[in-house]
Amino acid sequence: MVEPVSGRRIRILMAKAGLDGHDRGVKVVARALRDAGVEVIYTGLHQTPEQVVSAAVQEDVDGIGLSLLSGAHMTLFPRILELLKERGAADIVVFGGGTIPQEDAEILKQAGVAQIFTPGTSTDTIVGWVKERFGGRTAAA
Amino acid sequence: MAIAAASQNLVDGILAGSHRAAAKAISLIENDERASEQLIRRLYPQTGNAYTVGLTGPPGAGKSTLVDDIAQIARGDGESVGIIAVDPNSPFSGGAILGDRIRMMRHTVDPDVFIRSMGSRGHLGGLAVATSQARDVLDALGMGYVILETVGVGQSELEVAELADTTVVVLMPGLGDSVQTIKAGIMEIADIFVINKADHPALARTAADLRELLRLDPRQRAWTPPIVKTVATNEDGVHELWQAILKHRRFLEEKGGLKERRRRRLERQVVEIAARRLREEVLVPSTEASGFRRAVQAVTDRRLDPYAAADQLMEEGAKRVAAGS
Numbered sequence: 015m016v017e018p019v020s021g022r023r024i025r026i027l028m029a030k031a032g033l034d035g036h037d038r039g040v041k042v043v044a045r046a047l048r049d050a051g052v053e054v055i056y057t058g059l060h061q062t063p064e065q066v067v068s069a070a071v072q073e074d075v076d077g078i079g080l081s082l083l084s085g086a087h088m089t090l091f092p093r094i095l096e097l098l099k100e101r102g103a104a105d106i107v108v109f110g111g112g113t114i115p116q117e118d119a120e121i122l123k124q125a126g127v128a129q130i131f132t133p134g135t136s137t138d139t140i141v142g143w144v145k146e147r148f149g150g151r152t153a154a155a
Numbered sequence: 003m004a005i006a007a008a009s010q011n012l013v014d015g016i017l018a019g020s021h022r023a024a025a026k027a028i029s030l031i032e033n034d035e036r037a038s039e040q041l042i043r044r045l046y047p048q049t050g051n052a053y054t055v056g057l058t059g060p061p062g063a064g065k066s067t068l069v070d071d072i073a074q075i076a077r078g079d080g081e082s083v084g085i086i087a088v089d090p091n092s093p094f095s096g097g098a099i100l101g102d103r104i105r106m107m108r109h110t111v112d113p114d115v116f117i118r119s120m121g122s123r124g125h126l127g128g129l130a131v132a133t134s135q136a137r138d139v140l141d142a143l144g145m146g147y148v149i150l151e152t153v154g155v156g157q158s159e160l161e162v163a164e165l166a167d168t169t170v171v172v173l174m175p176g177l178g179d180s181v182q183t184i185k186a187g188i189m190e191i192a193d194i195f196v197i198n199k200a201d202h203p204a205l206a207r208t209a210a211d212l213r214e215l216l217r218l219d220p221r222q223r224a225w226t227p228p229i230v231k232t233v234a235t236n237e238d239g240v241h242e243l244w245q246a247i248l249k250h251r252r253f254l255e256e257k258g259g260l261k262e263r264r265r266r267r268l269e270r271q272v273v274e275i276a277a278r279r280l281r282e283e284v285l286v287p288s289t290e291a292s293g294f295r296r297a298v299q300a301v302t303d304r305r306l307d308p309y310a311a312a313d314q315l316m317e318e319g320a321k322r323v324a325a326g327s
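Protein chains in written order, with the working numbering: chain A, 15 to 155; chain B, 3 to 327.
Below, the structure is given as structure tokens:
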């Protein structure tokens, strides 16, 4: 048995937004993050941007990982960024993955999405990015 | 003091009803014991108003779905609801998939519902170390009810009964024979039993075993736990469950049991804090003294027994306290 461990954990909300029932990818990534010591809050399918942002605020996550295979990424990512701003929670980092064309990914990054992972990305790459991006922050920050 | 200012900001936010502040406060409690003491000291005068309901039971019994249903009915009654749902962390990586919230997403955008998923972080009592103080935060946030959902438990994770005013034990048909129901532990802490998945053919047998358990209980109890049958996914029986919770609450309030339960809980809490301080501030520093090293050597050589050495350590500690160090 492990000793109760104190200290900060990286917390990531993983979400599927909109009309998109393909959750295999998000579950694979959630599992990989779990195995890397991350606390993953998984919210399930068909979430509205409002639900994703409210959940992220209540869970006080470091980041939101959005999985999108529906083609609605140019609507849903900006909406989530906007709602985070409205809630005074713009410090919550938004990243994502899915079938997102390169030119769209560039536009989304300029709009404030921290990273987009496209099909074929290894879980190691995603885990490495999450640890680097969120690992250095402290609870008091 | 940076910590003091930061925790005062959080306290102000919580008392103003900010979910963001409450969420940050719970993270602080999970991550930083020293800072959370500052926070709870400031928050404590504003607590004591929420009614706490605990739900426990084996994995997959339907606890999260029942919590979702209870929240729905409570909201219909105009009550605000805070929820803390605990899931286990991996003993290998320390990571976790916190998935209880999936069943509760319809409440996510309701400003009078606050849901927090919590990793148990290696704690073994069915809850997390931070659950009790996170409950205080949701109490101060103004939630009328706070619902605590444990990890899926076996037989001996009973901590929830120490925190909750009403403890609901959720079972399902076909879990075991009648001997299981007379075993000690989880079956003894229920104020209300739920048999969820009551559309299963084994329901009659499970209900009969449970009734038998209650009939044979030798304690002369003023409250006999009711058995509520539910199918949480269809919301069957959940109104009866809510009524049972309200009835138990009235029972505790009218017979004085609520005050007594809460007094005992706070007494335990004070003793726990004092014991931790004695250990950290008196006993552990006393082990640095040369007398303690000599005593341990004497125990090693069998010239002294461990009890006598412990007495010496306590005397050393008492001297430190008397000297005001």
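No residue lacks a Cβ here, since even glycine has one placed at the ideal position from N, Cα and C.
- [ ] Count the other CB atoms, across all protein chains shown, that sit within 10 Å of the CB of Leu268/B; report buried if there are 16 or more and exposed otherwise.
- [x] Along the second sequence, one-based indexing puts residue 268/B at 266. Exposed, because fewer than 16 other Cβ atoms sit within 10 Å of the Cβ of Leu268/B.
Task: Contacts of Ile55/A in chain B (Cβ-Cβ under 7 Å) - done: Working through the first sequence from its first residue, we reach residue 55/A at position 41. Leu100, Arg103 and Ser119, listed in chain order.
- [ ] Give the secondary structure of Gly149/A by DSSP, where H, G and I count as helix, E and B as strand, and everything else as coil.
- [x] Looking up residue 149/A in the first sequence gives position 135. Coil.
- [ ] Could you work out which residue in Leu160/B, Ala200/B and Ala166/B is closest to Leu177/B when comparing CA atoms only?
- [x] As a position in the second sequence, residue 177/B is number 175, starting the count at 1. Residue Ala200/B holds the alpha-carbon nearest to the alpha-carbon of Leu177/B among Leu160/B, Ala200/B and Ala166/B.
TODO: Taking the CB atoms as reference points, tell me whether Pro90/B and Val153/B lie closer together than 8 Å.
DONE: Position 88 of the second sequence, counted from the first residue, corresponds to residue 90/B. Position 151 of the second sequence, counted from the first residue, corresponds to residue 153/B. Between Pro90/B and Val153/B, the gap from beta carbon to beta carbon is short of 8 Å.
Open item on the list: By the 7 Å beta-carbon criterion, what residues does the region 19-32 of chain B contribute toward chain A?
Closed with: Within the region 19-32 of chain B, the residues whose Cβ lies closer than 7 Å to some Cβ of chain A are His21, Arg22, Ala25, Lys26, Ile28, Ser29 and Leu30, listed in chain order.
Task: Residues of the region 28-54 of chain A with Cβ closer than 8 Å to any Cβ of chain B, in chain order - done: Within the region 28-54 of chain A, the residues whose Cβ lies closer than 8 Å to some Cβ of chain B are Ala44, Arg45, Leu47, Arg48, Asp49, Ala50, Gly51, Val52, Glu53 and Val54, listed in chain order.
Task: Integer Cβ distance of Val240/B from Ile75/B, believed to fall under 8 Å - done: As a position in the second sequence, residue 240/B is number 238, starting the count at 1. As a position in the second sequence, residue 75/B is number 73, starting the count at 1. Confirmed, about 6 Å.
TODO: Kindly identify the DSSP beta-bridge partner or partners of Gln74/B.
DONE: The residue you call residue 74/B lines up with position 72 of the second sequence. Answer is none; Gln74/B lacks a bridge partner.
- [ ] Output the boundary residues of the beta strand (DSSP E) element that contains Tyr147/B.
- [x] Here residue 147/B refers to the residue found at position 145 when the second sequence is read from its first residue. Where Tyr147/B is concerned, the enclosing beta strand (DSSP E) stretches over Tyr147 to Glu151.
TODO: Identify every residue that forms a DSSP beta bridge with Met120/B.
DONE: Working through the second sequence from its first residue, we reach residue 120/B at position 118. Assignment of beta-bridge partners to Met120/B by DSSP yields Val88/B.
Open item on the list: How far does the alpha helix (DSSP H) with Ile373/B in it extend, from its first residue to its last?
Closed with: Since the displayed chain B opens at 3 and closes at 327, residue 373/B lies outside it and no answer follows.
Task: Straight-line gap, Ile322/B to Leu285/B (C-alpha atoms, nearest Å) - done: For the purposes of this step, residue 322/B is identified with residue 320 of the second sequence, where counting begins at 1. For the purposes of this step, residue 285/B is identified with residue 283 of the second sequence, where counting begins at 1. Here residue 322/B is Arg; the residue named in the question, Ile, does not match the sequence. Rounded to whole angstroms, Arg322/B to Leu285/B spans 9 Å at the Cα level.
TODO: Would you mind sorting Leu57/B into buried or exposed? The rule is 16 or more other CB atoms within 10 Å of its CB.
DONE: Mapped onto the second sequence, residue 57/B falls at position 55. Under this definition Leu57/B is a buried residue.
- [ ] Within the same chain, show all residues whose beta-carbon is closer than 8 Å to that of Arg22/B, passing over the 5 residues directly before and after it, in chain order.
- [x] For the purposes of this step, residue 22/B is taken as residue 20 along the second sequence, with counting starting at 1. Correct list, in chain order: Gly15.
Open item on the list: Give me the chain B residues within the contact set of Gly58/A, using Cβ-Cβ distance strictly less than 9 Å, ordered along the chain.
Closed with: Taking the first sequence and counting its residues from 1, one reaches residue 58/A at position 44. What Gly58/A touches in chain B: Gly101, Arg103, Ile104, Arg105 and Met107.
Task: Under 7 Å by beta carbon: chain B residues contacting Gly102/A - done: Against the first sequence, residue 102/A aligns to sequence position 88. Simply Arg22.
Task: the region 202-209 of chain B contacting the region 29-43 of chain B, beta-carbon criterion three pairs below 8 Å - done: In short, these stretches do not touch, since the Cβ pair count stays below three.
- [ ] Verify whether the separation of the beta carbon atoms of Ile229/B and Thr168/B is less than 8 Å.
- [x] Indexing the second sequence from 1 puts residue 229/B at position 227. Indexing the second sequence from 1 puts residue 168/B at position 166. Their beta carbons are not under 8 Å apart, which means Ile229/B does not touch Thr168/B by this criterion.
Task: 3-residue-minimum beta strand (DSSP E) runs that sit fully inside the region 175-243 of chain B, ordered along the chain - done: Here the runs fully enclosed are 194-197 and 229-231.
Open item on the list: Does Phe131/A come out as helix, strand or coil in the three-state DSSP assignment?
Closed with: The residue labelled residue 131/A in the question sits at position 117 within the first sequence. Here DSSP, grouped into helix, strand and coil, assigns Phe131/A to strand.
Open item on the list: Using only CA atoms, which one of Leu97/A, Ala128/A and Glu117/A lies nearest to Phe109/A?
Closed with: Residue numbering aside, residue 109/A sits at position 95 when the first sequence is read from its first letter. With distances taken between CA atoms, Phe109/A lies nearest to Ala128/A out of Leu97/A, Ala128/A and Glu117/A.
- [ ] Name, in chain order, the residues that DSSP records as bridge partners for Phe109/A.
- [x] Position 95 of the first sequence holds residue 109/A. DSSP, once it has assigned bridges, lists Gly79/A and Gln129/A as partnering Phe109/A.
Task: As assigned by DSSP and simplified to three states, the class of Gly21/A - done: Here the question's residue 21/A lines up with position 7 in the first sequence. In the three-state scheme derived from DSSP, where H, G and I count as helix and E and B as strand, Gly21/A is classed as coil.
- [ ] Could you spell out the range, first to last residue, of the beta strand (DSSP E) harbouring Ala8/B?
- [x] Position 6 of the second sequence, counted from the start, is the residue given in the question as residue 8/B. That residue, Ala8/B, is in no beta strand (DSSP E); its alpha helix (DSSP H) goes Ala4 to Leu17.
Open item on the list: Within 8 Å of any Cβ in chain A, is that where the Cβ of Val301/B sits?
Closed with: Here the question's residue 301/B lines up with position 299 in the second sequence. No, its Cβ sits nowhere closer than 8 Å to a Cβ of chain A.
Task: Amino acids of chain B, ordered along the chain, whose beta-carbon sits closer than 7 Å to that of Gly21/A - done: Taking the first sequence and counting its residues from 1, one reaches residue 21/A at position 7. The contacting residues are Asn33.
Task: Among Ser84/A, Gly77/A and Val67/A, the one whose alpha carbon lies nearest that of Arg93/A - done: On the first sequence, position 79 is the one that residue 93/A refers to. Per the Cα distances, Val67/A.
Task: Straight-line gap, Gly128/B to Arg22/A (C-alpha atoms, nearest Å) - done: Reading the second sequence from its first residue, position 126 is the one you call residue 128/B. Reading the first sequence from its first residue, position 8 is the one you call residue 22/A. Near 21 Å, if we compare the C-alpha coordinates of Arg22/A and Gly128/B.
Open item on the list: Tell me whether the region 36-56 of chain A and the region 86-100 of chain B touch, counting them as touching only if at least three CB pairs, one residue from each stretch, are closer than 8 Å.
Closed with: Between the region 36-56 of chain A and the region 86-100 of chain B, the count of Cβ pairs shorter than 8 Å is three or higher; the stretches touch.
Open item on the list: Below 8 Å on C-beta distance, what does Ser95/B contact in chain A?
Closed with: Position 93 of the second sequence, counted from the start, is the residue given in the question as residue 95/B. Result: Arg48, Asp49, Ala50 and Gly51.
Open item on the list: For a contact defined as C-beta to C-beta under 7 Å, what are the partners of Glu64/A on chain B?
Closed with: Your numbering for residue 64/A matches position 50 in the first sequence. Simply Val111.
TODO: Report the neighbours of Val141/A on chain B: residues whose CB is nearer than 9 Å to its CB, in chain order.
DONE: On the first sequence, residue 141/A is found 127 positions in, with the first residue counted as 1. Correct list: empty, because the minimum Cβ distance to chain B is about 10 Å.
Open item on the list: I need the straight-line Cα distance from Thr132/A to Ala276/B, nearest angstrom please.
Closed with: By one-based count along the first sequence, residue 132/A stands at place 118. By one-based count along the second sequence, residue 276/B stands at place 274. So the two alpha carbons sit approximately 54 Å from each other.
- [ ] Output, in chain order, the set of chain B residues within a Cβ distance shorter than 7 Å of Ser68/A.
- [x] Position 54 of the first sequence, counted from the start, is the residue given in the question as residue 68/A. The contacting residues are Thr110 and Val111.
TODO: Would you list, in chain order, the members of the region 93-126 of chain A that have their beta-carbon closer than 8 Å to a beta-carbon of chain B?
DONE: Contact annotation: in the region 93-126 of chain A, residues whose CB is within less than 8 Å of a CB in chain B are Arg101, Gly102 and Ala103.
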